[in-house]
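Chains as they are written, first to last, in this note's numbering: chain A, 960 to 1504; chain B, 662 to 1002; chain C, 69 to 368. First the structure, in the form of structure tokens, and then the observations on it.
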Amino acid sequence: MPLLELRDLTVRYRGREREVEAVRGVNLTLDAGETLGLAGESGCGKSTLAMSVLRLLPATADISGEILLDGEDVTTMKWGRLRAVRWTSAAIVFQGAMHALNPVRRVRDQIAEPIELHDKTQLSAAAVRKRVNELLSQVELPAGKGDAYPHELSGGQKQRVMIAMALACEPRLVIADEPTTALDVIVQAQVLALMSDLVAKKNIGLVMISHDLAVLASTCRRLAVMYRGSLVEEGPSASVIADPQHEHTRTLAAAFPTVGDKVFRYAPATTSPLGLPTDVPAPGEVLLRTEDLHVTFQSRGVTHAVAGVDLTVRTGEIVALVGQSGSGKTTLARTILGLQAATSGRVVYDGTPVPRSSRALKAYRRKVQLVLQDPTSALNPRHSVYEAIAEGLRIHRVPGDERAHVAAALEAAELRPPEEYMPLLPHQLSGGQRQRVVIAGALALEPRLLVADEPVASLDASVRGEILALMLRLRANLGLAALVITHDLGLAWNIADRVAVMYRGELVEVGPVDEILSEPKHEYTQSLLAALPTTRPKDSDVPSG
Amino acid sequence: MSDILIPTEEALAEVPPPTRGGGTVRYVLTKIGGGLISFALVIVLGFLLFRALPGNVIATMTRGRPATPEMIAQLEDEYGLNDSLWQQFLTYVGNLLHGDLGNSYIFRVPVLQKIEERLWPTVLLVGVATLISVALGLWLGTRSGWRRGSRFDRVSTGVALTLWSTPTFWLGMLLLAGTTGLFPTAGLVYSDTPPDFFSQAVDMAHHLVLPTITLVAVTYAQYQLVMRSSLIEEMGADYLTTARAKGLRDDQVRRKHAVPNALLPTVTLVFLHLGFVIAGAITTETVFSWPGLGLLTYDALRVHDLPLLQGTFVVLAGAVIFMNVIADLLYRVLDPRVRAS
Amino acid sequence: MTTPSPRALAWRRRGAAFAAGWREFAKQRTGLVGLGVLVVIVLLALLAPVLTDQENLDVTKATGGRMESPSWEFLLGTDRAGRSVLLLTLWSARISLTVGLVATLISVAIGTVIGILAAHFGRWVSAGLMRVTDFFLVLPSLVLAIALSSVLERGVGTIILAIGLTSWPAAARLVRAQTLTIEARPYIERSKALGGGHFHVISKHVLPAVAPLVFVNTTLAVGSAIVSESTLSFLGLGDPDPMRPSWGSMLRSAWLDSAMIAGAWWYLLPPGIAIGIVVLAFTMCGRALESVLNPRLREG
């Protein structure tokens, strides 16, 4: 008998105005000890699916179909039975461990809670404590960490706590909802290895949910893809990746380039008729240069966010600044833009040091522009597209017809016809369109350098490629140089000429992408590359820890 | 002076911001230091209001009362009004540090003595009323917040809003009018009650009923509404889903996770609203002639007894500042996130 | 395709936003009821000189007996001087509403300016302003108002000043918290990256986003101010002129004449009920507005 079986599962949300079908007629089976990856973009229904297994959906959700957990139908269970089944038969490892843990209770107490709740044998406090320590050691955390509060732990540590908590009642099924989304690449690799290991040892059935196909392929034997509530493809990971049948699967697979594979070089996944520029222009003169830049913060003790960085960007060049969270890359970007004052060292643009006074900075701002990570929050929700783009023009009192400038910027960002987009408000646009509006706003000032901070991190996989392709086209048509800040090595491989790897405030390795990412010399770069989940699973079938 | 009803997110944002860095000792010292500075400012403000501002202090005090030139000269001398303003300020601060708040013009005794006399009835009234208001408000708030939109919620919130909209003293007067004969209308105890402890206590309790009801009626609403908002805010948190997933019952989730977390900002808000409670106490004592600091303030007001007003101002403001320091310290004890260094 | 000018676009957008807000507001019955009540009361207050004769407030011209119970001639009875309680209640509305509105406008204006400045210019400016704000916030405002009113000339102006000067800290705190939230949003950083200076950021982004909150706050605060005015008048700090009554001073008279003991309920109830209704109406409007604006506050 399969461990989990979904038969024609449909979930509808009763909204105020209309009904939304989040999951449509999904059929799925999972045996004990099997690993299944569930892939899809945001809004495809995968999280709803996960939550429905334990009936954790809000009251506005209607479930129809059957969810058989070890043969028992969850949808018709009485409350008492359901509560007993929760956590003991199946447990969930939630995403964003940041908010899934009670912030004012010790981690140890939260792990102990389900143990005490489902305990039928009147375990003593000492026995419970022993069990908690056991679980902590299984997830490679020292027992002392159990006394900590959630905010005292790092992202990776919190995720381990979530895993320990899920295993507390020895469930047969574990559902992991985006378990590594907020984590750095190296930490991600560690957590994934840990999960594979535990799952194999205890013969637990694992359903892992993610938008990242590479993460799923490296951990799960089978792969299922969801699109708009329906299951569109299913099969062994290796074959689904190697030979995707459904269009959406193909889009997802294409969005995550394999670093090292020449096919993906300067070739972000795009379906636009505009195509990709064919040749890579040779870089010109040095446009921007930082000289021994230091930025130090005095908060809790001294933090050297940027500790002596020398970085150059030439005209028409795309440089990727790669680093994990805490590396200082965002601080460096803001210092280059003049939004943050440097403690020492300087930034030189076109031969002249970047000024500190606000008036002179304003002139500088026309030449170097910013594109932010989350386009939704980067636009004032009350301003129309026109006003958002015209803002820069008005600040600098750019002469000429404002409308013409705005229209030109919209054209350059490939939002056509411009007039159609002008009166719209941000919430009426899709994520990709919003990012184009942000880019258009930057282009309106005709800058020569674009600093993009995680430009596609918040976008869906299918849209990612389009924006990256846009950046390549802008470079080809306008000669626009770009400094792209990202944690994603794949992005660097996709569009960058040169890459600079940043670790703890310093640049550990700088050079052409082809060289650095194929044959990294520095230890840190090597570990970054090794930690990348690949869409091509290793030779052995069993995922090794 | 009534407080403004603040919307949820803002209410929670107004809670003392968590301190980053520094150990407990440093935090405690900072807060106490801040309190002392505030109190110092209160003292200065007291001086400015009651000496510097009124123009002619003596004229104000003797307004409507016949005063011969000799009396005026004597008063000027007594209150040191012939010295420069700066000299007066120094004398004032000097006296304050010795516990000398000057002499009441009307009662002809030291202000401090009058305040000491009247202190504990106010403490009794405010203390009892606060305890009841907090208990009532928190319970109602929890219940109405957890079952948002239910009949209980709508009715209790409606009642709370209505009571909050009415002036304290008017409620007091209504109670007096409505319960004629049932309860005493003024004072602490009847003069003819036997002097033994038990009879006195019972009699005082009898006198305490109406003023307490009045004060509670206006105060509890704020606690209820804030607790409700706080709980509704907590209920959207992810960790509650985790708790449910573990198999906890609905009421267990509420009791063990939602309510304790929602209580944190509410508890400190209780202290922060002390100023509002004191305002209510002043009017309540006036209506019921309850011999506390509030009535003392009113009496001083009636006869323009500036030294006495100054004294009560400093004492009442000082008490509120003290309570706020306690609130800050308490919050640090309760919320581990704030304790983090 | 004829496309409108940018200015027309901007106004059209504002108009649409306002209309949408109104529709949301109208969906809440309590808000509409509150608004309706307010409109009626304001109209009555404004039209008082037209509908009735101010002369009748003159104590020397009063025609009724002392504290008479309601009759056909005096629908709500008379006060101690023989004046119609109904007339007094009507005319008191003018003073009470005026004080409430003006005092609130003053306090909200001060509070908004200080709040925005404290949030926008961090560090020393912020620390300094917040110290001052916190100090005034902690100070029991009634006590401070009593202090102010006792040393200044008694009357409406002093009361307005006292309430205005003691209520601004709450508004300042709110505005500061909201401004901090807004300034943390990426679109502010984008604006600065585009070259926007302090004035640009504050006027184009911060103020429009803060305005709804300020508006809600004002509505709620007016109710609060009216209650404060009544308290101060009750304690004897109001306008002593019997030609300019307020609800608070009416209640003071009632109390001084022991109306509750005498059973003169017609003297005691109307002013209190009037205050209750007006304040409740403002509060209901304010809360309805709050729920209209809240989803957008979170988004924006």
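Quick reminder that beta carbons are idealized off the backbone N, C-alpha and C, glycines included.
Can you round the beta-carbon distance between V1268 (chain A) and L1296 (chain A) to whole angstroms, since I take them to be within the 8 Å contact cut?
If you number the first sequence from 1, residue 1268 (chain A) lands on position 309. If you number the first sequence from 1, residue 1296 (chain A) lands on position 337. Incorrect: roughly 14 Å between the Cβ atoms, too far for contact.
Check M1461 (chain A) in the structure and name its three-state DSSP category.
Your numbering for residue 1461 (chain A) matches position 502 in the first sequence. It is a strand residue.
Using a Cβ-Cβ cut-off of less than 9 Å, give me the residues of the stretch 249 to 261 of chain C that come near chain A, in sequence order.
Taking 9 Å as the Cβ-Cβ cut-off against chain A, the residues of the stretch 249 to 261 of chain C that qualify are R253, P254, Y255, I256, E257, R258, S259, K260 and A261.
Strictly under 8 Å for the Cβ-Cβ distance: is W831 (chain B) near chain C by that measure?
Counting from 1 along the second sequence, the entry for residue 831 (chain B) is found at position 170. Yes, W831 (chain B) counts as interfacial toward chain C.
Which residues share a DSSP beta bridge with H1253 (chain A)?
One-based indexing of the first sequence puts residue 1253 (chain A) at position 294. Bridge partners of H1253 (chain A): A:A1266 and A:S1303.
Can you tell me whether R1395 (chain A) is buried or exposed, with buried defined as 16 or more other CB within 10 angstroms of its CB?
Position 436 of the first sequence holds residue 1395 (chain A). It is buried - the Cβ of R1395 (chain A) has at least 16 other Cβ atoms within 10 Å.
Please go through the same chain and pick out, in chain order, the residues whose beta-carbon is closer than 7 Å to the beta-carbon of M1404 (chain A), but skip the five residues on each side of it.
Position 445 of the first sequence, counted from the start, is the residue given in the question as residue 1404 (chain A). The identity of residue 1404 (chain A) in the sequence shown is Leu, whereas the question assumes Met. Here the set comprises R1325, Q1328, G1351 and H1355.
From what residue to what residue does the alpha helix (DSSP H) around Y753 (chain B) run?
Indexing the second sequence from 1 puts residue 753 (chain B) at position 92. First-last of the alpha helix (DSSP H) with Y753 (chain B): L746 to L758.
R1181 (chain A) lies in the beta strand (DSSP E); which residues open and close that run?
Numbered from its first residue, the first sequence carries residue 1181 (chain A) at position 222. R1181 (chain A) -> beta strand (DSSP E) spans R1181 to Y1186.
Give the residues from the stretch 1283 to 1300 of chain A that approach chain C closer than 7 Å (Cβ to any Cβ), ordered along the chain.
Listed in sequence order: L1296 and L1298.
On the three-state DSSP scale, how would you describe M1036 (chain A)?
Within the first sequence, numbered from 1, the residue matching residue 1036 (chain A) stands at position 77. Correct three-state label for M1036 (chain A): coil.
Return the residues of the stretch 341 to 359 of chain C that lie within a Cβ-Cβ distance of less than 7 Å from chain B, sorted by chain order.
Against chain B - using a Cβ distance shorter than 7 Å - the residues of the stretch 341 to 359 of chain C are I343, G344, V347, L348, T351 and E358.
Would you check if there are 3 or more beta carbon pairs closer than 8 Å linking the stretch 161 to 175 of chain C to the stretch 215 to 229 of chain C?
Yes, since at least three Cβ pairs between the stretch 161 to 175 of chain C and the stretch 215 to 229 of chain C fall closer than 8 Å, the two stretches touch.
What do you reckon, are the CB atoms on L990 (chain B) and V686 (chain B) nearer than 8 Å?
By 1-based counting over the second sequence, the position of residue 990 (chain B) is 329. By 1-based counting over the second sequence, the position of residue 686 (chain B) is 25. Result no, Cβ atoms of L990 (chain B) and V686 (chain B) do not sit closer than 8 Å.
Just how far apart, CA to CA, sit R973 (chain A) and E980 (chain A)?
Here residue 973 (chain A) refers to the residue found at position 14 when the first sequence is read from its first residue. Here residue 980 (chain A) refers to the residue found at position 21 when the first sequence is read from its first residue. The straight-line gap from Cα to Cα measures roughly 9 Å.
Hey, F350 (chain C) and G102 (chain C): beta-carbon distance below 8 Å or not?
As a first step, residue 350 (chain C) must be located in the third sequence, where it is residue number 282. As a first step, residue 102 (chain C) must be located in the third sequence, where it is residue number 34. Yes, the Cβ-Cβ distance between F350 (chain C) and G102 (chain C) is below 8 Å.
Going residue by residue through the stretch 1119 to 1173 of chain A, where are the continuous beta strand (DSSP E) segments of at least 3 residues, counting only ones entirely within it?
Runs found: 1132 to 1136 and 1164 to 1169.
Checking 8 Å against the spacing of the C-beta atoms, do R1248 (chain A) and V1199 (chain A) come in under that value?
If you number the first sequence from 1, residue 1248 (chain A) lands on position 289. If you number the first sequence from 1, residue 1199 (chain A) lands on position 240. No; because the gap between Cβ atoms is not below 8 Å, this pair is not in contact.
Quick check on this structure: which residue in A:V1066, A:P1109, A:Q1204 and A:K1079 has the alpha carbon closest to the alpha carbon of R1088 (chain A)?
Here residue 1088 (chain A) is taken as the residue at index 129 of the first sequence, counted from 1. Looking at the Cα atoms, A:V1066 is the closest of the given residues.
Measuring CA to CA, which of A:A1148, A:A1123, A:L1060 and A:R983 is closest to S1486 (chain A)?
Translated into positions along the first sequence, residue 1486 (chain A) becomes position 527. When only C-alpha atoms are compared, the closest one is A:A1148.
Give me the chain C residues within the contact set of I1354 (chain A), using Cβ-Cβ distance strictly less than 7 Å, ordered along the chain.
Indexing the first sequence from 1 puts residue 1354 (chain A) at position 395. Residues of chain C passing the Cβ test: L262, G263, G264 and H268.
I need the straight-line Cα distance from M198 (chain C) to I182 (chain C), nearest angstrom please.
In the third sequence, the residue the question calls residue 198 (chain C) occupies position 130. In the third sequence, the residue the question calls residue 182 (chain C) occupies position 114. Rounded to whole angstroms, M198 (chain C) to I182 (chain C) spans 9 Å at the Cα level.
Using a Cβ cut-off of 8 Å (strictly closer), state whether M69 (chain C) contacts chain A.
As a first step, residue 69 (chain C) is located in the third sequence; it is residue number 1 there, counting from the start. Low local confidence applies: a pLDDT of 44 at M69 (chain C) is under 50, so the model's placement there is unreliable, with the coordinate-based value given in what follows. Chain A, which has a Cβ nearer than 8 Å to the Cβ of M69 (chain C), makes this yes.
Are the C-beta atoms of T903 (chain B) and some chain A residue less than 8 Å apart?
Translated into positions along the second sequence, residue 903 (chain B) becomes position 242. For T903 (chain B), the answer is yes, since a Cβ of chain A falls inside 8 Å of its Cβ.
Name, please, each residue of chain C whose Cβ falls closer than 7 Å to the Cβ of F974 (chain B).
Looking up residue 974 (chain B) in the second sequence gives position 313. In chain order: V211 and A215.
Hey, which unbroken runs of the beta strand (DSSP E) at 3 residues or more fall wholly within the stretch 1426 to 1472 of chain A?
Listed in chain order, they are 1440 to 1445, 1457 to 1462 and 1465 to 1471.
Name the residue from B:Q748, B:I943 and B:R963 whose alpha carbon lies nearest to the alpha carbon of A713 (chain B).
Mapped onto the second sequence, residue 713 (chain B) falls at position 52. Among B:Q748, B:I943 and B:R963, the Cα nearest to that of A713 (chain B) is on B:Q748.
Using a Cβ-Cβ cut-off of 6 Å (strictly less than) and excluding sequence neighbours within five positions of S1243 (chain A), which residues of its own chain qualify?
As a working note, residue 1243 (chain A) is residue 284 in the first sequence. It is worth fixing the name first, because residue 1243 (chain A) is Gly in this sequence and not Ser. The answer, listed in chain order, is R1273, T1274 and G1275.
Does S745 (chain B) come within less than 8 Å of chain C when only Cβ atoms are used?
In the second sequence, residue 745 (chain B) corresponds to position 84, counting from 1. Closer than 8 Å: no.
In its own chain, which residues sit with a C-beta less than 6 Å from the C-beta of G802 (chain B), not counting the 5 before and 5 after it?
As a first step, residue 802 (chain B) must be located in the second sequence, where it is residue number 141. Counting only Cβ-Cβ distances below 6 Å, and skipping sequence neighbours, we find Q885, M888 and R889.
At 9 Å on the CB atoms, spell out the chain B contacts of S1077 (chain A), in chain order.
In the first sequence, counting from the first residue as 1, residue 1077 (chain A) sits at position 118. Looking at the sequence itself, residue 1077 (chain A) is His, so the reference to Ser does not match. K907 and G908, listed in chain order.
Give the C-beta separation of T98 (chain C) and M352 (chain C) to the nearest angstrom, bearing in mind that I take them to be a contact with Cβ-Cβ under 8 Å.
Locating residue 98 (chain C) in the third sequence gives position 30, counting from the first residue. Locating residue 352 (chain C) in the third sequence gives position 284, counting from the first residue. About 5 Å; that satisfies the 8 Å criterion.
Are the stretch 266 to 282 of chain C and the stretch 333 to 346 of chain C in contact at 8 Å, needing three or more beta carbon pairs?
No: the two stretches stay apart, fewer than three of their Cβ pairs being nearer than 8 Å.
Return the CA-CA distance between P1109 (chain A) and G1115 (chain A), expressed in angstroms with no decimal places.
In the first sequence, the residue the question calls residue 1109 (chain A) occupies position 150. In the first sequence, the residue the question calls residue 1115 (chain A) occupies position 156. If I take the Cα positions, the gap works out to 11 Å.
So which residues on chain C does S1389 (chain A) lean against when the C-beta distance must stay under 7 Å?
The residue you call residue 1389 (chain A) lines up with position 430 of the first sequence. Within chain C, no residue comes near S1389 (chain A); the closest Cβ sits about 17 Å away, beyond 7 Å.
Just curious, the beta strand (DSSP E) that T1274 (chain A) is in, first and last residue?
Residue 1274 (chain A) sits at position 315 when you count from the first residue of the first sequence. Element bounds for T1274 (chain A): n/a, residue is neither H nor E.
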